[in-house]
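Keeping their order, the protein sequence lines are chains A and B.
For the first sequence, counting from 1, position 37 maps to 37 in my numbering; every step adds exactly one.
For the second sequence, counting from 1, position 115 maps to 249 in my numbering; every step adds exactly one.
C-beta atoms are modelled at their ideal positions from N, C-alpha and C, and glycine is treated no differently.
2 protein chains.
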Amino acid sequence: MHNERDNVPYAMNPSSGVPVYRQLMDAVRSDIASGRRPVGSILPSVRLVAKELEINPMTVSKAYSRLESEGLVERLPGRGMRVCARRTQAPISDRRKELEPFARQLVDHAYRLDLDASEIRRVLDPFLAELNHE
Amino acid sequence: MHNERDNVPYAMNPSSGVPVYRQLMDAVRSDIASGRRPVGSILPSVRLVAKELEINPMTVSKAYSRLESEGLVERLPGRGMRVCARRTQAPISDRRKELEPFARQLVDHAYRLDLDASEIRRVLDPFLAELNHE
DNA sequence: ATCACTGTCCTACTACGCTAATACACTTGA
DNA sequence: TCAAGTGTATTAGCGTAGTAGGACAGTGAT
Numbered sequence: 001m002h003n004e005r006d007n008v009p010y011a012m013n014p015s016s017g018v019p020v021y022r023q024l025m026d027a028v029r030s031d032i033a034s035g036r037r038p039v040g041s042i043l044p045s046v047r048l049v050a051k052e053l054e055i056n057p058m059t060v061s062k063a064y065s066r067l068e069s070e071g072l073v074e075r076l077p078g079r080g081m082r083v084c085a086r087r088t089q090a091p092i093s094d095r096r097k098e099l100e101p102f103a104r105q106l107v108d109h110a111y112r113l114d115l116d117a118s119e120i121r122r123v124l125d126p127f128l129a130e131l132n133h134e
Numbered sequence: 135m136h137n138e139r140d141n142v143p144y145a146m147n148p149s150s151g152v153p154v155y156r157q158l159m160d161a162v163r164s165d166i167a168s169g170r171r172p173v174g175s176i177l178p179s180v181r182l183v184a185k186e187l188e189i190n191p192m193t194v195s196k197a198y199s200r201l202e203s204e205g206l207v208e209r210l211p212g213r214g215m216r217v218c219a220r221r222t223q224a225p226i227s228d229r230r231k232e233l234e235p236f237a238r239q240l241v242d243h244a245y246r247l248d249l250d251a252s253e254i255r256r257v258l259d260p261f262l263a264e265l266n267h268e
């Protein structure tokens, strides 16, 4: 059922401390964002990915399921996971609220390190620049 | 040996998801930063705090030990934990490096929420303002 | 020396997250 | 209908973080 050309160019690092299923989520997210996996395409099956990466299909399934609850892909029973059209965004105020804990954490740690606002910006800016290039 | 006036006005929330020892660390850090526990003063003993908060002394000890490795307090064997004079800072470049993972995490989540650099700044700014007021 | 304090090492229990193995329901093509 | 392909519910094993209990060493006043 799967396309022979379906390659799975993901490379997981089991000893990085980052759970494998999260690494896989990031890889797939990146593929979708870049268009390598266009809207409507079917992700490689959990068993194929599992075989290539030498991990358990359930680990792949976990990644796929989480991406589904994020709204990036949808489950077609018996067929696979399909990349969704960009979901309707939550209101921007809600999304800002979701971001706040991470902003707070950043500032908390800066405070403990005795780094002021301008230092925070200095550390943050390269990442913001990277964000804009995408 | 301890002063009867040593009150332990901390209130832990065991079901908040935040480990008790971390809540206690934050409370003590706040006391030190505000001057309620001045440099040179001795923290209430682990057993006193444990009794007041109805937790195990080891949990308090864990909080104290971490604060010690942060350099906020020092251990006086047989006597207690004393609030330190502000420790010599690590080089600023090291401290910036320590902050980077949190900056990256913030930007990553913003990306997933489809929030751009200006939105990140908008969310972050109130926290930065708060930081400057202290 | 003794007593009443100090913090903590060591051990163990519990809860939770991550990964894996099996069995199942579903869909499609022959 | 049947075979081969989908994802996953369930269950289990493993490691780790958080918490707790008891024994221990250090300190200082008596």
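task = Could you say which of R75(A), N13(A) and T88(A) lies nearest to E54(A) if we only look at CA atoms?
result = Taking the first sequence and counting its residues from 1, the one referred to as residue 54(A) is at position 54. Closest option to E54(A), Cα to Cα, is N13(A).
query = How many Å lie between I176(B) and G17(A) at the Cα?
reply = Start at 1 with the first residue of the second sequence, and residue 176(B) comes out as number 42. Start at 1 with the first residue of the first sequence, and residue 17(A) comes out as number 17. A straight line joining the alpha-carbon of I176(B) with that of G17(A) spans about 38 Å.
key: CB of P172(B) within 9 Å of CB of V217(B), strictly   = Counted from its first residue, the second sequence places residue 172(B) at position 38. Counted from its first residue, the second sequence places residue 217(B) at position 83. In terms of Cβ geometry, P172(B) and V217(B) form a close pair [threshold 9 Å].
inquiry  = Any beta carbon from chain B within less than 9 Å of D135(A)'s own beta carbon?
reply    = Limits of chain A in this structure are 1 at one end and 134 at the other, which puts residue 135(A) out of reach.
query = Does DSSP classify I92(A) as helix, strand or coil?
reply = As a working mapping, residue 92(A) is identified with position 92 in the first sequence. DSSP places I92(A) in helix when its eight states are reduced to three.
query = To the nearest angstrom, how far is it from the Cα of G214(B) to the Cα of V162(B)?
reply = Taking the second sequence and counting its residues from 1, one reaches residue 214(B) at position 80. Taking the second sequence and counting its residues from 1, one reaches residue 162(B) at position 28. The C-alpha of G214(B) lies about 14 Å from the C-alpha of V162(B).
request  = With a threshold of 16 other CB atoms inside 10 Å of the CB of S30(A), please say whether the residue is buried or exposed.
outcome  = Mapped onto the first sequence, residue 30(A) falls at position 30. Burial is judged here by how many other beta carbons sit within 10 angstroms of a residue's own beta carbon; S30(A) has fewer than 16 and is exposed.
key: C-alpha gap between P225(B) and D114(A), whole angstroms   = What you label residue 225(B) is simply residue 91 of the second sequence in a count that begins at 1. What you label residue 114(A) is simply residue 114 of the first sequence in a count that begins at 1. Whole-angstrom Cα-Cα distance: 11 Å.
ask   = Going by beta carbon distance, what residues of the same chain come within less than 8 Å of L201(B), once the five residues before and after it are set aside?
value = Start at 1 with the first residue of the second sequence, and residue 201(B) comes out as number 67. Closer than 8 Å at Cβ, skipping near neighbours: M159, V162, R163, V207 and M215.
query = Relative to the alpha-carbon of L258(B), which residue among R112(A), A129(A), D108(A) and N132(A) has its alpha-carbon at the smallest distance?
reply = Along the second sequence, one-based indexing puts residue 258(B) at 124. Residue D108(A) is the option with its Cα nearest to L258(B).
inquiry  = Which residue marks the beginning of the alpha helix (DSSP H) containing R256(B), and which one marks its end?
reply    = Position 122 of the second sequence, counted from the start, is the residue given in the question as residue 256(B). A251 to N266 is the extent of the alpha helix (DSSP H) around R256(B).
query = Of all Cβ atoms in chain A, is any one closer than 9 Å to the Cβ of I254(B)?
reply = For the purposes of this step, residue 254(B) is taken as residue 120 along the second sequence, with counting starting at 1. Yes - at least one Cβ of chain A is within 9 Å of the one on I254(B).
request  = For L210(B), count neighbouring C-beta atoms within 10 Å of its own C-beta (all shown protein chains included) and say buried if the count is 16 or more, exposed if not.
outcome  = The residue labelled residue 210(B) in the question sits at position 76 within the second sequence. Exposure of L210(B) is indicated by the presence of fewer than 16 other C-beta atoms within 10 angstroms of its C-beta.
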